Amino acid sequence: MKSNLAGKVRTDKERNSALDYPLMAPKANGTAIQITEGILWIRMPMPMALDHINLYLLEDDDGWFIIDTGLHTNKTKELWLVVAENHCQIKPIKGLICTHFHYDHSSLAQWLMDTFNIPLFMTYGEFYTLATHSRALDTLGNSHQRQFYQHAGVPLDTVEKIFEACKKDPFMEHRPSKFNRLRHDDVLTIGKRRWRIVIGEGHSPEHACLYCEEDKLLLAGDQLLPHISSNILVSEIEPMGQPLKNWLRSLKQIQSLDANTLVMPAHGPIFTQMHVRAQQLIDHHFDTLSTLQDFARHHSQFNAYEAMQHLFNRKLSPIDTLMALGETLAHLNWLAANDDLQCQRQVNEGVDMYCSTQSLKLDRKKA
């Protein structure tokens, strides 16, 4: 998931002025344009506020590798057949690499595998998280999930609306049954390029980026987006998790790569100045932490739902509420783990309550 919660989705015309954009984006109709020799850029439409996903084709000696799938819709299937007809006749599609498990990146995996008779490459954590999430409807609304929302202080009617919205999920029908595992620092030789797997955490368990050091190219997936911040959330599966800690560490890892790298993200335009963008995202999260800490100083105690309402002070859809609550908990967990907040946690029934430790200043070196 990508978080549009901090503000509206920016279009390509509303650009981050600190970044450079060397290429015009293709239309979200399956049209492919060449980025450089051996790399094609495709956009597929998505029926939501974030209305597109960038997908890429990497040319090998005897075929093409697909990077991510697009959403499981009939329109996306039609466009993939058009792409194959227009660009993959001489050299066929030979493999699929999914950066992570989110539906816009993986929900067509089995269909692509069956249609083109190709293998899937994915990290272990992403493949098995995908398998778990695709079975989640069978247990939706169980006592464990209800307890998670109860501890956060979410009103019961809002919880029911979240469950109802999740039941309407249309995008996953068939999860892939097998895969080839990608590990951190694995090197894939595709055509003339060597792509090193760089794994990031926080947005998803083991998100795979592909980095070509020689040509200064990064297939970033959702690890580095030019206009929006990827959702960093805590869920009922790991309520004490530290996704923000892992996300900040992953952004620092990106800053260790060559500063002149061309970034090919999953959403928004291709861009350069990736160190600048990584720092913007780090600063954004520390600003959110500071906002929560200030909120705590002015309230003797509060729950996660109340903190969420302070951060996202507007009407939210049930799915937006799910994401906003998870994002709020990610920041609250970070503050509690670093002794910048105290939390009185409940074992069974009840609501977790937070209060300030009166810290005056966040230590940004903790990122």
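Numbering (our numbering), first residue to last: 14 to 380. Quick reminder that beta carbons are idealized off the backbone N, C-alpha and C, glycines included. Because the structure is a prediction, the values reported are computed rather than measured.
Just how far apart, CA to CA, sit residue 203 and residue 43?
23 Å
Under 8 Å Cβ to Cβ from residue 33, same chain only, skipping five residues before and after it: list those, please.
284, 285, 286
Quick check on the DSSP output: the beta strand (DSSP E) that includes residue 278 runs from which residue to which?
275-278
Sequence-distant residues of the same chain with beta carbon closer than 6 Å to residue 281, five excluded per side:
238, 239, 240
Is DSSP giving residue 58 helix, strand or coil here?
strand
With a Cβ-Cβ cutoff of 8 Å, do residue 388 and residue 41 count as a contact?
The requested residue 388 is not part of the displayed model; the chain covers only 14 to 380.
I'd like to check one pair, residue 340 with residue 246: are the Cβ atoms closer than 8 Å?
yes
Between which two residues does the alpha helix (DSSP H) holding residue 179 run?
169-180
Residue range of the beta strand (DSSP E) that residue 79 falls in?
Counting along the chain, the beta strand (DSSP E) containing residue 79 begins and ends at 76-80.
Thinking C-alpha only, which one of 368, 81, 153 is nearest residue 139?
Comparing Cα-Cα distances from residue 139 to each of 368, 81, 153, the minimum goes to 81.
Residue 175 to residue 326 span [Cα, whole Å]
18 Å
Report the option in 219, 213, 296 whose CA atom is closest to the CA atom of residue 269.
213
Using three-state DSSP, classify residue 106 as helix, strand or coil.
Annotated three-state conformation of residue 106 is strand, per DSSP.
With distances taken from CA atoms, which of 200, 273, 129, 38 is nearest residue 102?
129
Could you give the DSSP three-state label for residue 267: helix, strand or coil?
helix
So what does DSSP say about residue 357, is it helix, strand or coil?
strand
Sequence-distant residues of its chain with Cβ nearer than 8 Å to residue 366 (five each side left out)
314, 315, 316, 356, 357
Spatially closest choice to residue 197 from 182, 220, 235, by CA coordinates:
220
Helix, strand or coil at residue 249 [DSSP, three-state]:
coil
Fully enclosed by the stretch 120-154, which alpha helix (DSSP H) runs are 4 residues long or longer?
DSSP assignment within the stretch 120-154 yields the following whole alpha helix (DSSP H) runs of 4 residues or more, N-terminal first: 122-129, 137-147.
Give the DSSP-derived three-state secondary structure of residue 202 in the structure shown.
strand
Alpha carbon of residue 68 to alpha carbon of residue 54, nearest angstrom
C-alpha separation (whole angstroms): 6 Å.
Nearest neighbour of residue 141, chosen from 105, 243, 194 [CA to CA]
194
Pop quiz: residue 189 and residue 123 are said to be a contact at Cβ under 8 Å. What is the actual Cβ separation, rounded to whole angstroms?
Contact flag correct, Cβ pair sits at about 5 Å.
Just verifying my parser: in three-state terms, what is the DSSP assignment at residue 159?
In the structure shown, the three-state DSSP call for residue 159 is helix.
Decide if residue 49 is buried, meaning its Cβ has at least 16 other Cβ atoms within 10 Å, or exposed.
exposed
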